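Colleague: Chains as they are written, first to last, in the working numbering: chain B, 1 to 768; chain G, 1 to 768.
We put the CB at the ideal spot given by N, CA and C, even for glycine.
Model, not experiment: these values are computed from the prediction.
Dumping the structure here so I can ask a few things about it.
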C-alpha cells in the first residue's frame, strides 16, 4: 500500500492536512461525475504544484494518430481517446494583488477535503497565510448536478482573518487545454467563438477530426456574508479563454463568496446551433434556483440512488468505506440513460486507456447495473454493442474473416478498433465471448427475452461465425483448436488453446444455435428478418456445430484440471508465495519475456471461465482449479481479486475471500498498484460489488430462480443490499444470526436460500 | 518480379531510357561504396522528381529516441541508426539561366546509366532539351576511391548541341540534410564551421549526442575540351551549405567539364582538430593526380578484388550478372580493414534497419569474407563482438540474467541493444548461437585456433552461461526447455522449444565445454586469465552440462522429423502451393495474427539448423526435413532462398537449387520483394555466394579437410571461383565435363572431391 491518508468514514472520503505529494492522488479519488460530465478534484484557483488537470465530457473523443514502433497489417490508423475538455471550474483569486496558490503560501493550515458520497458533493477548506501575510479562510463546495446533467456548481467563500483585504475573484472558462496522454502533442480543439452576456460567458468549440461541438459555459454571482451583491466586473477575453474580474474590499471577518455555475452542452443532445442558448437557459435556471436549492436536489437524487444501490456493512468501517467508494464512482460514471455512452476503465477520473469501452463492461459492469438500476440501463449497454455490429464485422474483415463474422474491438469509442498491440488487438479475441455472455446474462437475470429477437441474436450470429472461422482443425488430433491467442491473463501472449477462450467460443456457438431455435419457434417475424439479413443456412449451422462439438481443451490427467493453455505445465511452477517480494509487481520488475515464460497469472483466466460457467462444473472441480491456479496468480490487474473473492467465498474460504475483497474494494483508496494519480479503476469497482453480492451473498440465478448462500466475513456484524430482480426489489440483510429478506413489489417471490425454497410476500420480513 | 529494365550484361548494370518511376530503384541498385563511405546513385544536379537522397559515412550513427506504442520493461531508450551524411556530390547546373532538372526538361533522350562493376565506377549520359530549347549532351562519371577511401571523384561534362550557351556549374557541399527514416523528425547534425580556400571548401560538423566529427570537403576544377581553364567563381556560403558558381560561355559543340573531388574525413581515423587539414591534403593529392589517374588506380584495385572474389559463370548471363552484382556490393560495403565497422543489412544503400549489425554478419557474411579475403577480415568481424562483450553482459542483466551471462543485441551499432519489439528484442535469442557458431566456423575454416584463447573463449563462456540460465526445467518432462522464443522464422512469435534455438543452445554449451578443455590443456596462461576474469567453476560447468544433456527437442514420431516448435503439427498444414497467389506475400496481405497461426515459414528455421550442423544429420534426415518444411516456406526474408538452394543442391535437386539461386542472386536486380527503392539486401548477398560455392560447388570443411561435390545447373557451361583456404589460394573451375583445381601457394594441398582424396601441387591443374 502506498498511502493511507484517507480517514476511515462510512460515507465520506476525508483528507486532512495539506501535502503537495498527495494532490494528484486526491484529485483522482475525489473526482466528481454525473454520467454526462466529469471533473478531477483540481483546485479552482491557481495551483503551480504537481497536478493533473482533467475535465471530461462523456462521449467526446478524438482519434489520436496511432504511434507504434513497428507497424503490423491490420493496425488501426487512430486511437480514439477521451479528451480533456475546456475548464469551466477555474476561479483565480487575488488577495491584495497576490495570487492565491497553495504551492506558494507561507502557511496552509486546517486543510480538509471531504468527498461526501452520501450527498454527492466535494468540499475543501483551509486557512492560508499568503506571502503578503494576509491570512484568509477559504471554504469551497462543488458538485455536478445529477438532475441537470449539463450543470456543475461551485461556492467559493473567502474570509480575511487578520486584516481587511482586497479580494479579486477571476472566474474563467479556458479552452487552451491539452491532454497529458497524447501521441503527437496535437491540439485537439478548434475554438469557434468566445462570448459573454451579463454574468454569463460561453466558449463554443469543436473537436478536430471528430467534429463534436461543445459549448462550455459559466454564470457567476458574488455575495457578501450570504447576500448577493452587485459587484462590478471587467471582462478579459482571448481567442480561447474568457475571464471575469470582480474586485471587492472585504473587511476582516466578513465573508465574500463567488458562486459559479458552469458546464457543457454538446451536440449529441442538441442541435449544434442551439448549444449557447441551451446553456444560457440552464445557467439561468440554476441561478434562479440558487446553490442551496440545487444542492438539496443533489442530496435527494443521491438518496434515491443509494436507496437502491447501497451496500451497508456494520462492524468494519474500512470495508464499508471501500464498497461505498466503489458504488459512488460507478454511479458517477454511467447513469445508463444513453445507449451511445459506455464505461471507460477510468471513467471521468483520468485519460489512460483512452476512456474507451473494453470487455470490462460486459464481464464486470453489467451485473451491477442490472441489479441496481432499471433493466433498461443494462439493455442500453447491450444496445451499444448492437449499434456497433456493422463496424465489428468490418473489423473482422480487415483480419481476413468473411460472411458477416464479427470481431468486436478490444478498445473502442465509436465501434472502430482503436488499439494497436498485435498480441492484444488481434489476439485477445475472448472479448467477443464476453459480449455474447452479457446477452445470455441479461436474459437470465432480467427474464427479458425480447432483446434477443430484437437485437441480440444478430450479434450472437456474427460472433458464432467468427469463432467457427477462427478455429482451425488439427489434423493430428482431429479436433478444433484456437491458435495464437491472448487470454484474459495478459501475461501470456500468442498461446494455443487458451482454455477460457476455447470454452467461451464453444459456448457462444451452442448458445447461438439454441437462441436461433428459440427465435425461430417463438418469433417468426423476427426470425425471417434476421435470416434475410444474415443469410444463415443449415449448412452453416452444421459447420458451427461441428466446431463446437469437436473443440479441443488442454487437460492434465496428472492434476485432473484443464490447463490454462497448451504447454502450461512445461513452465517452472514456482508459486507466488515462493517469489521474493523484491521481484513484485513483476510488471515493474521483470522484462516482458521473463513474465511470459513464467507461470504467473495477471488476472483470473481459467478461473474466469469457472466464474462465468459455474453451473457447468462441480464444486470439487472449482476447488481443484482454484487450488491449482490461485497460487500462481499475482493479481496485477484490477479485475482479478473480485473473481477470486467470489470463488473463495463459494469454497467457504472466508478469510481468503475477505482478503481479496479488501484488495478490490480499497484498490484505489489504498493505492495498491501505486498509480491512483492517473485515475481510478472504475470498471473493477463493479467487480467489488459482485464480490459482496455474489461472493459473500452467494447470489445466483438459475432456471429463473434467484438463490442465495449468504456468508459473512469474520468481524462484520452484518451487511445489507438491495437488488432489482425481474422488476421486484428485494432487500437482503445478512447478519451473524441469520439472513432476512424483504420484498418491495406487488407479487410473491420464491427464492432459494442455501438450497431451500423460500416464499416471500411483499413487505413481509422473512428471516432464514 | 517488379521490373526487369536492367540489361543483361556480365559485368555491368545498365539502364537505358529515362523513366522517373525507376529513379529510386536505380539509385539503390547503382549505389557506390568503398567500405568507408557510400553514396546512392542520386543525380549530381537538381532533381525535383521522386528521389531518395543518401550519403553515408561508415560508423557514423545517431541514437534516435525509441518510438513504441506500448512500452515494455527492458526496451532500450534509443535506436542507433545510420545517418544521412552531408551531401558532397551536388553540382547544380544552369543552362542560360535555367536549372537543369531531368524532371522538368522538354525532352530527355539517350539516357543511359552504367554501373561498371569490373572497374568500380558509375556513368550517366543523356541529351536533354531544356524548357528554353537549349539542347545539351551530358556525360557524367563518378567513383568512390578504394585506394583513398576518404575520396570520391566526379567528372561532369556538358556539350551544347544546338547553340552556344552560358553554362554555370554550382558545385556545393550541403549539411542541411535529414533522414527519411527518423522517429521524431529530429535534426541530427550540428554544423561547426563552413570554410573555403581557393577551389576547396569544407563543412565541419558534429553528430548530436554521439558527437562524431566529420569534415565534408570538395575541390573543383573546370576544363574546356579536356584542358583545364581558369574560370572565375563566386562563393555563396550559409550556415550549413557552401556553393561555388562558375559561369562560362560555351560554344556549340565544345565541351565543358566540372571535375569535383570530395568526401569525408572522420574523427574515428584522425584527431578531430585535423579533419580539415587531412581533407585538404587528400583533395590536393587527388587533384594533382587527376581524375584519369585515380580512375586507373580504381580499376587496378577492383581487378585485385575480382581476381580473388569473382565467380564467373559461362552460358547464363542473368546468373552471371546476379552473382557479380552481389559480390560487387559486398566488397563495396565492407573491406574488413576496421574491426569497429560491420555490415548493415542495407550497407550504404539505404537507411532501413538502422544500418546496424544483425546476426546476418555471423550467419551469412563471415563465410564469404573468410574465403575471399585475408583471414584477418573475418577475425575483425569476430573481434567486433568481442569488443561488445561487456555491453552484451549488461544487456542480459537488464533482462534478469546474472553471473556474466551475455545476450548479444538483436540490432546494434556500438554494442548496445537498439531494437524495441519484445518478440524480437527479448525473444529472438538464437542470435547468440550464431555468434558462437561463427567462432567455431572461423577456426574450422582458417585453422587459426589463436582467436579462441585470445578472445573467443570469453565470448563462448558468456553465451553458454546465458543458455544455461535461460533454459528452464519442465518438471512434467524432466527435461530442459527454452520457452517463449522467436526463431529465425519470424512468422512465429513467443513459441516454446524452437528446434533451431534449442539445438544451437545445446551445441553452444557443448562447444564451450570442449574449448575450455582445449584452452586449459594447450594455453594455460590464457586459461588462467580467463578463469580469473570469468570465475568459472567446475560446479557451474556441471550445471551447463546437465542443461545440454537434458535438452528437450520437439519431435514427431509420425513424420520422423524434428518439429520447428511445440505444437507445429496442430496448425492447418496447407502448403504454399495451395495458397492462392492473391494472398502473397502474406506479410503484405495478412494481419499478423493470421500469419502467426499459419504454418508459413518466413525463412529457413529448422533447415537453418540443418545447414549449420549438416554433419550431425544424415542426408536422409536432411531430405525428410527439407521435404517437410520447404513446402511451407514463403521465403519472405532475403536470407531464406540461399539456405534452401544449398540444401537442394546437396540433395541433387538441381532445378530447385537453381530456382532458389536466381531468387537470391537477382533478388534486388529483379526486385522480388518490391522494395529495392529502400536499398539493397546486402547481407543476403553473402548467402548468394554460399549458394554457388557451398551449394553448387559443394564446398565443405570437415576434420581440417576441404572437400567439394561439384554440380552444375542445367544450361550453365561452367562456373569458376577462387577461395582462400588456410592461406592457400585454390581456383575451382566446374564444367560439364569435369572440375579442375589449381592451387596458388607454396605447398601441396589434399582435398576431397566427391568423397575421394585428391592431391594438388602448386600451379598444377588437376581435373577430376
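Which residues share a DSSP beta bridge with residue 473 of chain G?
Modeller: The sequence position of residue 473 of chain G within the second chain is 473, counting from 1. Looking at the DSSP assignment, residue 473 of chain G forms a beta bridge with G:480.
Colleague: With burial defined as no fewer than 16 other Cβ atoms inside 10 Å of the residue's Cβ, what is the status of residue 295 of chain B: buried or exposed?
Modeller: If you number the first chain from 1, residue 295 of chain B lands on position 295. The residue in question, residue 295 of chain B, is buried, as its Cβ has 16 or more Cβ neighbours within 10 Å.
Colleague: Just the chain A side, please: which residues come within less than 7 Å of residue 549 of chain G by C-beta, in chain order?
Modeller: Looking at the structure shown, chain A is missing, and the protein chains on hand are B and G.
Colleague: Please identify the residue among B:174, B:468, B:587 and B:48 whose C-alpha is closest to the C-alpha of residue 403 of chain B.
Modeller: Start at 1 with the first residue of the first chain, and residue 403 of chain B comes out as number 403. That would be B:468, whose Cα lies nearest to the Cα of residue 403 of chain B.
Colleague: For a test of the three-state rule: what should DSSP assign to residue 654 of chain B, helix, strand or coil?
Modeller: Numbered from its first residue, the first chain carries residue 654 of chain B at position 654. Here residue 654 of chain B sits in helix by DSSP.
Colleague: Mind checking the stretch 64-79 of chain G against chain B and listing, in chain order, the residues whose C-beta falls within less than 9 Å of any C-beta there?
Modeller: Here the close residues are 66, 67, 68, 69, 70, 72, 73, 74, 75 and 79.
Colleague: CA-CA distance, residue 510 of chain B and residue 545 of chain B?
Modeller: For the purposes of this step, residue 510 of chain B is taken as residue 510 along the first chain, with counting starting at 1. For the purposes of this step, residue 545 of chain B is taken as residue 545 along the first chain, with counting starting at 1. Those two C-alpha atoms are separated by around 7 Å.
Colleague: Which one or two residues does DSSP pair with residue 124 of chain G in a beta bridge?
Modeller: Against the second chain, residue 124 of chain G aligns to sequence position 124. According to DSSP, residue 124 of chain G bridges with G:113 and G:140.
Colleague: Would you mind stating whether residue 463 of chain G and residue 378 of chain G have Cβ atoms separated by less than 8 Å?
Modeller: Position 463 of the second chain, counted from the first residue, corresponds to residue 463 of chain G. Position 378 of the second chain, counted from the first residue, corresponds to residue 378 of chain G. No; because the gap between Cβ atoms is not below 8 Å, this pair is not in contact.
Colleague: What is the DSSP secondary structure of residue 583 of chain G, reduced to helix, strand or coil?
Modeller: Numbered from its first residue, the second chain carries residue 583 of chain G at position 583. Note: residue 583 of chain G maps to helix in three-state DSSP.
Colleague: When you compare each of G:600, G:228 and G:345 to residue 81 of chain G by their alpha carbons, which one comes out closest?
Modeller: Translated into the one-based positions of the second chain, residue 81 of chain G becomes position 81. Out of G:600, G:228 and G:345, G:345 has the C-alpha closest to the C-alpha of residue 81 of chain G.
Colleague: In chain G, which residues lie with their C-beta within 7 Å of the C-beta of residue 573 of chain B?
Modeller: Within the first chain, numbered from 1, the residue matching residue 573 of chain B stands at position 573. The answer, in chain order, is 475.
Colleague: Tell me which residue opens and which closes the alpha helix (DSSP H) that residue 297 of chain G is part of.
Modeller: Numbered from its first residue, the second chain carries residue 297 of chain G at position 297. That run of the alpha helix (DSSP H) goes 291-309.
Colleague: Please work out which residues of its chain come closer than 6 Å, Cβ to Cβ, to residue 449 of chain G, disregarding the five sequence neighbours upstream and downstream, and give them in chain order.
Modeller: Within the second chain, numbered from 1, the residue matching residue 449 of chain G stands at position 449. Here the set comprises 443.
Colleague: Can you give, in chain order, each stretch of the beta strand (DSSP E) that sits fully within the stretch 170-214 of chain B and has at least 3 residues?
Modeller: Counting whole runs of 3 or more residues, the stretch 170-214 of chain B contains the beta strand (DSSP E) stretches 189-197 and 200-207.
Colleague: Would residue 848 of chain B pass as an interface residue toward chain G - the criterion being a Cβ-Cβ separation below 8 Å?
Modeller: Residue numbering for chain B in the displayed model covers 1 to 768; residue 848 of chain B lies beyond these limits and cannot be assessed.
Colleague: Are the C-beta atoms of residue 624 of chain B and some chain G residue less than 8 Å apart?
Modeller: Residue 624 of chain B sits at position 624 when you count from the first residue of the first chain. Not an interface residue.
Colleague: For residue 700 of chain B versus residue 707 of chain B, is the C-beta distance shorter than 8 Å?
Modeller: Sequence index remark: in the first chain, residue 700 of chain B carries index 700 (1-based). Sequence index remark: in the first chain, residue 707 of chain B carries index 707 (1-based). Taking 8 Å as the Cβ cut-off, residue 700 of chain B and residue 707 of chain B qualify as a contacting pair.
Colleague: Between which two residues does the alpha helix (DSSP H) containing residue 608 of chain G stretch?
Modeller: If you number the second chain from 1, residue 608 of chain G lands on position 608. Where residue 608 of chain G is concerned, the enclosing alpha helix (DSSP H) stretches over 606-612.
Colleague: What are the residues that DSSP puts in a beta bridge with residue 697 of chain B?
Modeller: Counting from one through the first chain, the residue named residue 697 of chain B turns up at place 697. Residue 697 of chain B is not bridged to any residue.
Colleague: Along chain G, in chain order, which residues have C-beta atoms closer than 9 Å to that of residue 420 of chain B?
Modeller: Position 420 of the first chain holds residue 420 of chain B. Chain G residues near residue 420 of chain B: 69 and 70.
Colleague: What residues match up with residue 536 of chain G in a beta bridge as DSSP calls it?
Modeller: For this step, residue 536 of chain G is matched to residue 536 along the second chain. DSSP lists no partner for residue 536 of chain G.
Colleague: Along chain B, in chain order, which residues have C-beta atoms closer than 7 Å to that of residue 567 of chain G?
Modeller: The sequence position of residue 567 of chain G within the second chain is 567, counting from 1. Chain B residues near residue 567 of chain G: 496 and 566.
Colleague: What residue from G:506, G:697 and G:52 has the CA that sits closest to residue 351 of chain G's CA?
Modeller: As a first step, residue 351 of chain G is located in the second chain; it is residue number 351 there, counting from the start. The residue with the shortest Cα to Cα distance from residue 351 of chain G is G:52.
Colleague: Can you give me the Cβ contacts of residue 696 of chain G inside the same chain, cut-off strictly under 6 Å, excluding the 5 residues immediately before and after it?
Modeller: Position 696 of the second chain holds residue 696 of chain G. Excluding sequence neighbours, residue 696 of chain G sits near 649 and 711.
Colleague: Hey, how far is the Cα of residue 642 of chain B from the Cα of residue 683 of chain B?
Modeller: Residue numbering aside, residue 642 of chain B sits at position 642 when the first chain is read from its first letter. Residue numbering aside, residue 683 of chain B sits at position 683 when the first chain is read from its first letter. Going by the C-alpha atoms only, they are around 11 Å apart.
Colleague: For residue 578 of chain G, which residues of its own chain have a beta-carbon under 7 Å away from its beta-carbon, when the five flanking residues on both sides are left out?
Modeller: Within the second chain, the letter at position 578 stands for residue 578 of chain G. Taken in chain order, the list of residues that qualify is empty.
Colleague: Could you check where the alpha helix (DSSP H) with residue 504 of chain B kicks off and where it finishes?
Modeller: Taking the first residue of the first chain as 1, we reach residue 504 of chain B at position 504. First-last of the alpha helix (DSSP H) with residue 504 of chain B: 499-522.
Colleague: In chain order, what are the residue ranges of uninterrupted beta strand (DSSP E) at least 3 long that sit wholly in the stretch 407-483 of chain B?
Modeller: Qualifying beta strand (DSSP E) stretches, in chain order: 472-474 and 479-481.
Colleague: Mind pulling the chain G residues with CB within less than 7 Å of residue 690 of chain B?
Modeller: Translated into the one-based positions of the first chain, residue 690 of chain B becomes position 690. Within chain G, no residue comes near residue 690 of chain B; the closest Cβ sits about 29 Å away, beyond 7 Å.
Colleague: Mind listing, in chain order, the continuous alpha helix (DSSP H) runs of no fewer than 4 residues lying wholly within the stretch 620-672 of chain B?
Modeller: Runs found: 641-650 and 654-665.
Colleague: Could you tell me which whole beta strand (DSSP E) segments of length 3 or greater appear in the stretch 713-751 of chain G?
Modeller: With a minimum length of 3 residues, the continuous beta strand (DSSP E) runs that stay inside the stretch 713-751 of chain G are 718-725, 728-735 and 738-744.
Colleague: Assign residue 717 of chain B to one of two classes, buried (16 or more other C-beta atoms within 10 Å of its C-beta) or exposed (fewer than that).
Modeller: Residue 717 of chain B sits at position 717 when you count from the first residue of the first chain. Residue 717 of chain B should be labelled exposed.
Colleague: Just to confirm, is the Cβ distance from residue 497 of chain B to residue 565 of chain B under 8 Å?
Modeller: Along the first chain, read from residue 1 onward, the residue named residue 497 of chain B stands at position 497. Along the first chain, read from residue 1 onward, the residue named residue 565 of chain B stands at position 565. Yes.
Colleague: Which class does residue 366 of chain G belong to by DSSP, given the choice of helix, strand or coil?
Modeller: Walking along the second chain from the start, residue 366 of chain G turns up at place 366. Three-state result, residue 366 of chain G: helix.
Colleague: Tell me whether residue 33 of chain G sits in a helix, a strand or coil according to DSSP, three-state version.
Modeller: The sequence position of residue 33 of chain G within the second chain is 33, counting from 1. Residue 33 of chain G falls in the strand class under three-state DSSP.
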